[in-house]
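S.K.: Pasting a structure here, questions to come.
Right, dumping it as structure tokens:
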């Protein structure tokens, strides 16, 4: 809207937008700043903004004393493991739906997607009971499989929307030239689908990385990822605000970086396609 | 032979996903439903007790608290997120400089885990450490903000954190909606002498009805599912003042060993979600059909 905007007006609007952005970003900024403060400075009254002795001590303490490495590794394994596992199941399915469009494809897709909205609480007890039965509580495998199940609908759906954007004419041309199904998939489809697959991968790694309902409830220590690590800090055992901040920063920094590159996919995936 | 394979292949490759979703979502939901009619305590039991758990559930003060909290939380969360999201979207739609740089900042909160958000806000709103302290620094000595420790107000701190987390994302939905409005219509309105605000209130916002609907469904289902934010921020406290259906479900199933009651509360949550999602999916499908 507002096709013609005077330069002065534009400056005012831009300033307003930046102020809003600053307010939104402030808690994140505050956490990052706090993570570099010595513990007493972090809770000092009045608070200190920038003029303190910056140090990485909190990071060092968190990594060395609180076993950050193990939590981080679990997060990596679970987030990437569940996403890749999901992709293996979802790619053929999305391919089939995108290129062999049947009358019920759209219904099936919506049905799959709607399951993503179901509360996890509705399936927690059965999954918990099965995990107990197979003695799989607090294992990476369990978390990987469960998070794969939870994100499968969204993986299929995202892949589907990307695959749909590939022009079918190209496939027909390839078939005319005598390409087999295998060749068609490997040489024609895959190169064109790589960007979509990459975006889907990225979004789902973020989703799985952030997931906390399942990680809080199905892990104790061995398979506990970073979300559990942060949650462990929130139990009231004295003051370690600065260390908690350092731990939080280490948990969300990968996401902030990934998020920068995948903001569009993030919105698209999270809104169930309402926004492309 | 090859031809037949070609024909069946799509169904064949679709089958695993279909079966997995059917079994693990609907199968397990059905199982939860079955458990809700049994007297399961710490372990699953299959002694059926009819609707006893349902009767018990709605007699529990904690469950009533959870429902009231959900109502307060969902209403404020949805309304404030929509208003803030729409306003920011309109602001960003005014040909802002460096918009590409700004958008990710608005979206960042959504990319964080609710656990991180909750923990950060818990400390930020803690009297004596975060916000209160900052206000004192800036000379506002009488500033006091103790909501998070207050039984009557703790629920509103959850709303603050949740709104902070989601409004950027609602903004993104609305922004896409705004950008989708036909320029011709706006130009026609401008020729007719409509001013900026009138164009928004009378033409653009009404045209964005589908976006409002999508935003409502997404926010509503997030509200019903809210769990990690509560755990990280208030742990359901002070007392049980910020109990939500999901935290109730967890504590009855695992801490209090009342699996039957826990399963029952999960069924009620599912019914709430169904009540929102089913009509939405239905309307989306019929809209798709017309296209």
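Residue numbers (this note's numbering), protein chains in the order written: chain X, 1 to 276; chain Y, 277 to 567. Glycine residues also receive a C-beta, built at the ideal position from the N, C-alpha and C atoms. As the structure is a computational prediction, the values presented were derived from the model and not from experiment.
Using the C-alpha atoms, what's the distance from residue 134 (chain X) back to residue 237 (chain X)?
M.R.: For the purposes of this step, residue 237 (chain X) is identified with residue 237 of the first chain, where counting begins at 1. For the purposes of this step, residue 134 (chain X) is identified with residue 134 of the first chain, where counting begins at 1. Low confidence applies to residue 237 (chain X): its pLDDT is 49, below 50, so where it sits in the model is not reliable, and the reading given next is rough at best. One C-alpha to the other measures close to 34 Å.
S.K.: Measure the C-alpha to C-alpha separation of residue 156 (chain X) and residue 438 (chain Y) and round it to an integer number of angstroms.
M.R.: For the purposes of this step, residue 156 (chain X) is taken as residue 156 along the first chain, with counting starting at 1. For the purposes of this step, residue 438 (chain Y) is taken as residue 162 along the second chain, with counting starting at 1. Going by the C-alpha atoms only, they are around 28 Å apart.
S.K.: Specify whether the stretch 142 to 157 of chain X and the stretch 105 to 120 of chain X touch according to this definition: at least 3 beta carbon pairs, one from each stretch, less than 8 Å apart.
M.R.: yes
S.K.: Is the beta carbon of residue 82 (chain X) closer than 8 Å to that of residue 144 (chain X)?
M.R.: To locate residue 144 (chain X), count along the first chain from 1; it is residue 144. To locate residue 82 (chain X), count along the first chain from 1; it is residue 82. In this structure, residue 82 (chain X) lies closer than 8 Å to residue 144 (chain X) by Cβ.
S.K.: Hey, does residue 559 (chain Y) have any beta-carbon neighbour from chain X nearer than 8 Å?
M.R.: Numbered from 1 along the second chain, position 283 holds the residue referred to as residue 559 (chain Y). So no, residue 559 (chain Y) is outside the interface.
S.K.: DSSP beta-bridge partners for residue 314 (chain Y)?
M.R.: Along the second chain, read from residue 1 onward, the residue named residue 314 (chain Y) stands at position 38. Answer by DSSP bridge pairing, in chain order: Y:324.
S.K.: Residue ranges of each alpha helix (DSSP H) run of no fewer than 4 residues wholly in the stretch 373 to 457 of chain Y, ordered along the chain?
M.R.: The qualifying runs are 375 to 387, 390 to 400, 407 to 413, 430 to 456.
S.K.: Over the uninterrupted alpha helix (DSSP H) stretch that includes residue 79 (chain X), give me the two end residues.
M.R.: For this step, residue 79 (chain X) is matched to residue 79 along the first chain. That run of the alpha helix (DSSP H) goes 68 to 99.
S.K.: Between the Cα of residue 33 (chain X) and those of X:244, X:126, X:149, X:173, spot the shortest distance and give me the residue it belongs to.
M.R.: Your numbering for residue 33 (chain X) matches position 33 in the first chain. Of X:244, X:126, X:149, X:173, the residue nearest in Cα terms is X:244.
S.K.: For residue 424 (chain Y), I'd like the list of residues in its chain whose CB is within less than 8 Å of its CB, leaving aside the five on either flank, ordered along the chain.
M.R.: Reading the second chain from its first residue, position 148 is the one you call residue 424 (chain Y). Excluding positions up to five away in sequence, the list reads 398, 401, 402, 403, 430, 433, 509, 510.
S.K.: Which residue's Cα is closest to the Cα of residue 191 (chain X): X:74, X:178, X:163, X:124?
M.R.: Mapped onto the first chain, residue 191 (chain X) falls at position 191. The residue with the shortest Cα to Cα distance from residue 191 (chain X) is X:163.
S.K.: Please check if any C-beta of chain Y sits within less than 8 Å of the C-beta of residue 61 (chain X).
M.R.: Working through the first chain from its first residue, we reach residue 61 (chain X) at position 61. By this cut-off, residue 61 (chain X) is not an interface position.
S.K.: Kindly list, in the order they appear in chain Y, the residues whose Cβ is closer than 7 Å to that of residue 37 (chain X).
M.R.: Residue 37 (chain X) sits at position 37 when you count from the first residue of the first chain. Neighbours of residue 37 (chain X) on chain Y: none; closest Cβ ~12 Å, over 7 Å.
S.K.: Compare the C-beta of residue 522 (chain Y) with all C-beta atoms of chain X and state if any pair is closer than 8 Å.
M.R.: Here residue 522 (chain Y) is taken as the residue at index 246 of the second chain, counted from 1. Closer than 8 Å to some Cβ of chain X, the Cβ of residue 522 (chain Y) qualifies, so yes.
S.K.: Might you give, ordered along the chain, the residues of its own chain that have their beta carbon closer than 8 Å to the beta carbon of residue 504 (chain Y), omitting 5 neighbours on each side?
M.R.: On the second chain, position 228 is the one that residue 504 (chain Y) refers to. Correct list, in chain order: 389, 390, 391, 394.
S.K.: Answer with yes or no whether the minimum CB distance from residue 77 (chain X) to chain Y is below 8 Å.
M.R.: Within the first chain, the letter at position 77 stands for residue 77 (chain X). Not one chain Y Cβ lies under 8 Å of residue 77 (chain X).
S.K.: Taking the beta carbon of residue 385 (chain Y) as the centre, do at least 16 other beta carbons fall within 10 Å, making it buried, or is it exposed?
M.R.: Here residue 385 (chain Y) refers to the residue found at position 109 when the second chain is read from its first residue. By the neighbour-count rule (16 or more Cβ atoms within 10 Å), residue 385 (chain Y) is buried.
S.K.: Closest by CA to residue 278 (chain X), which one among Y:515, Y:300, Y:290?
M.R.: Residue 278 (chain X) cannot be examined here, being either before or after the span of chain X that is shown, 1 to 276.
S.K.: Do the stretch 442 to 453 of chain Y and the stretch 523 to 542 of chain Y touch if we need at least three Cβ pairs shorter than 8 Å?
M.R.: no
S.K.: By the 10 Å Cβ neighbour count, where 16 or more other Cβ atoms means buried, how is residue 103 (chain X) classified, buried or exposed?
M.R.: Locating residue 103 (chain X) in the first chain gives position 103, where the first residue counts as 1. By the Cβ neighbour-count rule, residue 103 (chain X) is exposed, with fewer than 16 other Cβ atoms within 10 Å of its own.
S.K.: Kindly indicate if chain X contains any beta-carbon less than 8 Å away from that of residue 484 (chain Y).
M.R.: Here residue 484 (chain Y) is taken as the residue at index 208 of the second chain, counted from 1. Chain X, which has no Cβ nearer than 8 Å to the Cβ of residue 484 (chain Y), makes this no.
S.K.: Should residue 349 (chain Y) and residue 435 (chain Y) be called a contact, given that it needs their Cβ atoms to be closer than 8 Å?
M.R.: Residue 349 (chain Y) sits at position 73 when you count from the first residue of the second chain. Residue 435 (chain Y) sits at position 159 when you count from the first residue of the second chain. Yes, the pair counts as a contact, with Cβ atoms nearer than the cut-off.
S.K.: For residue 542 (chain Y) versus residue 308 (chain Y), is the C-beta distance shorter than 8 Å?
M.R.: In the second chain, residue 542 (chain Y) corresponds to position 266, counting from 1. In the second chain, residue 308 (chain Y) corresponds to position 32, counting from 1. In this structure, residue 308 (chain Y) lies closer than 8 Å to residue 542 (chain Y) by Cβ.
S.K.: Return the chain-ordered list of same chain residues with a C-beta closer than 8 Å to the C-beta of residue 567 (chain Y), the five sequence neighbours on each side being excluded.
M.R.: Start at 1 with the first residue of the second chain, and residue 567 (chain Y) comes out as number 291. Here residue 567 (chain Y) scores only 37 on pLDDT, less than 50, and its place in the model is too uncertain to base an answer on.
S.K.: Using a Cβ-Cβ cutoff of less than 7 Å, which residues in the same chain neighbour residue 74 (chain X) once the five nearest sequence positions on both sides are dropped?
M.R.: Taking the first chain and counting its residues from 1, the one referred to as residue 74 (chain X) is at position 74. Excluding positions up to five away in sequence, the list reads 140, 223, 224, 225.
S.K.: Mapping the DSSP letters down to three states, classify residue 51 (chain X) as helix, strand or coil.
M.R.: The residue labelled residue 51 (chain X) in the question sits at position 51 within the first chain. Coil.
S.K.: My understanding is that residue 286 (chain Y) touches residue 260 (chain X), with C-beta atoms under 8 Å, so please give their C-beta distance in whole angstroms.
M.R.: In the second chain, counting from the first residue as 1, residue 286 (chain Y) sits at position 10. In the first chain, counting from the first residue as 1, residue 260 (chain X) sits at position 260. About 37 Å; that fails the 8 Å criterion.
S.K.: Let me see if you follow: with CB-CB separation under 8 Å, is residue 371 (chain Y) close to chain X or not?
M.R.: Against the second chain, residue 371 (chain Y) aligns to sequence position 95. So yes, residue 371 (chain Y) belongs to the interface.
S.K.: Is the shortest distance between the beta-carbon of residue 147 (chain X) and the beta-carbons of chain Y less than 8 Å?
M.R.: Taking the first residue of the first chain as position 1, residue 147 (chain X) is located at position 147. Cβ-Cβ to chain Y under 8 Å: no for residue 147 (chain X).
S.K.: Go ahead and pull the three-state DSSP assignment for residue 249 (chain X).
M.R.: Mapped onto the first chain, residue 249 (chain X) falls at position 249. DSSP places residue 249 (chain X) in helix when its eight states are reduced to three.
S.K.: Residue 364 (chain Y) CB to nearest chain X CB: under 8 Å?
M.R.: As a first step, residue 364 (chain Y) must be located in the second chain, where it is residue number 88. Yes, contact with chain X.
S.K.: Can you have a look at residue 319 (chain Y) and say buried or exposed, based on whether 16 or more other CB atoms are within 10 angstroms of its CB?
M.R.: Start at 1 with the first residue of the second chain, and residue 319 (chain Y) comes out as number 43. Classification for residue 319 (chain Y): exposed.
S.K.: Comparing C-alpha positions only, which one of X:168, X:199, X:126, X:66 sits nearest to residue 96 (chain X)?
M.R.: Numbered from 1 along the first chain, position 96 holds the residue referred to as residue 96 (chain X). It is X:168.
S.K.: Identify each residue in the stretch 226 to 259 of chain X for which the Cβ-Cβ distance to at least one residue of chain Y is less than 7 Å, and report them in chain order.
M.R.: Of all residues in the stretch 226 to 259 of chain X, 227, 230, 231, 233, 234, 241, 244, 248, 251, 252, 255, 256, 259 have a Cβ within less than 7 Å of some Cβ in chain Y.
S.K.: Should residue 180 (chain X) go down as buried or exposed, given a rule of 16 or more other Cβ atoms within 10 Å for buried?
M.R.: Along the first chain, read from residue 1 onward, the residue named residue 180 (chain X) stands at position 180. Answer is exposed; the Cβ neighbour count stays below 16.
S.K.: Along the stretch 79 to 113 of chain X, what residues have a CB closer than 9 Å to any CB found in chain Y?
M.R.: 89, 90, 91, 92, 93, 94, 95, 96, 97, 99, 100, 102, 106, 107, 108, 110, 111, 112, 113
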